[in-house]
Structures are given as structure tokens and as C-alpha cells.
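Data first, discussion second: the structure below is written as C-alpha cells.
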Amino acid sequence: MHNSKKLILAALAVILLAGATPAFAQLAGTWEGIGRGEAYPPCHPPIHPWQNWIGEIPNSQDVFFGEWWDSDCNHGTFKGEIAPFSTPEEVYAEGEWTWYDPTGHSQQPIVGGKFKMTFYILEGRCEGTWTS
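Okay, so the sequence shown: first residue is 229 according to the numbering used here, each after it adds one.
Here it is, written out as C-alpha cells:
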């Protein structure tokens, strides 16, 4: 049960995110948090995407992007679009996260999977999930 079955097990790993909202309860700014779960890339020990992360929403409020890293020195990036059906109280972002293979097989990031994030603006927090 090492390959695709483990990917399926990790596919619904939940990110527990302690979001830090910008001042004055606005969407634009820096958000950061922590998460849990494992992904199982081929030919590499498990990685822990989103274990620690920091992201940015620019003043245009149309994208959410940033980087993640884990305690084993794995790291990657993420980028997603802000959903048009968002409300002033809850904003949704969906996108892809990537991973940089430390073995050096490629200088390009490897797509790890998808993510979804909900920003609760008035509460100053966010929650999300990722799949691999």
C-alpha cells in the first residue's frame, strides 16, 4: 500500500489553519497558518504539505499565493483564484499546490494537488483542505 493507495488516503487530509488576518478585518494582506497530513510522492519519503505556510492576497483581491514548508525541509508553493461567488464575510479561494523535489530531478515544481481555502473575514481566520 505504498503508491496510489496512499495517495488516496492522503487525498482528503485536512488542513487545520490558524489564519492571521491583516489589520482592520480586510482580505488583502498576509495570511499564515499551520496544517497537517501527508502526501506520498513517488520515489520519495512522505512529505507534509502545508505544515507551515504563508500567503498573500494582493489589493486586487483576485488571487491567493504563497509558499509552504515542513519540518523535513520539503517546500513548495501554492496559487489560487478568489471565487466570484465569495461574499464580504466569506471569501473562497481554489487552486494548486506544488512541491520542489529535493533530489534535483527537475528544477520545475511538481504539481502536488488542489487546495480550497475559506477566509472568514470578520473572524480573522481561515480554514482549508488540500488533496494530492
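Every residue gets a Cβ at the ideal spot worked out from N, C-alpha and C, and that includes glycine.
As the structure is a computational prediction, the values presented were derived from the model and not from experiment.
Residue i versus residue j - alpha carbon distance
| i | j | result |
| --- | --- | --- |
| Leu244 | Ser334 | Because the pLDDT at Leu244 is just 44, under 50, the model does not fix this residue reliably, and the point stays unresolved. |
| Asn280 | Thr305 | 11 Å |
| Gly265 | Trp297 | 13 Å |
| Pro273 | Trp259 | 28 Å |
| Gly283 | Ser299 | 18 Å |
| Ala267 | Pro277 | 7 Å |
| Asn302 | Thr331 | 11 Å |
| Thr359 | Gly263 | 12 Å |
Residues bridged to residue i (per DSSP)
| i | result |
| --- | --- |
| Trp325 | Phe306, Gly341 |
| Ile262 | Asn280 |
Same chain only: Cβ atoms within 7 Å of residue i, ignoring 5 sequence neighbours per side
| i | result |
| --- | --- |
| Thr346 | Glu318, Tyr320, Cys354, Glu355, Gly356 |
| Ser314 | Tyr320 |
| Leu255 | Ile285, Gln289, Val319, Phe347, Ile349 |
Own chain partners of residue i with C-beta closer than 8 Å, once the 5 adjacent residues on each side are dropped
| i | result |
| --- | --- |
| Pro269 | Ile275, Trp327, Asp329, Ile338, Gly340 |
| Glu324 | Phe306, Lys307, Gly308, Val339, Gly340, Gly341, Lys342, Phe343 |
| Asn287 | Ala256 |
Extent of the continuous beta strand (DSSP E) to which residue i belongs
| i | result |
| --- | --- |
| Thr357 | 353–358 |
Collapsed DSSP secondary structure at residue i in the structure displayed
| i | result |
| --- | --- |
| Phe347 | strand |
| Tyr268 | coil |
| Phe292 | strand |
| Gly257 | strand |
| Glu317 | coil |
Cβ neighbours of residue i in the same chain (closer than 6 Å, five flanking residues each side left out)
| i | result |
| --- | --- |
| Glu322 | Gly308, Lys344 |
| Glu295 | Thr305 |
| Ala311 | Tyr320 |
| Phe292 | Gly283, Ile285, Gly308, Ala321 |
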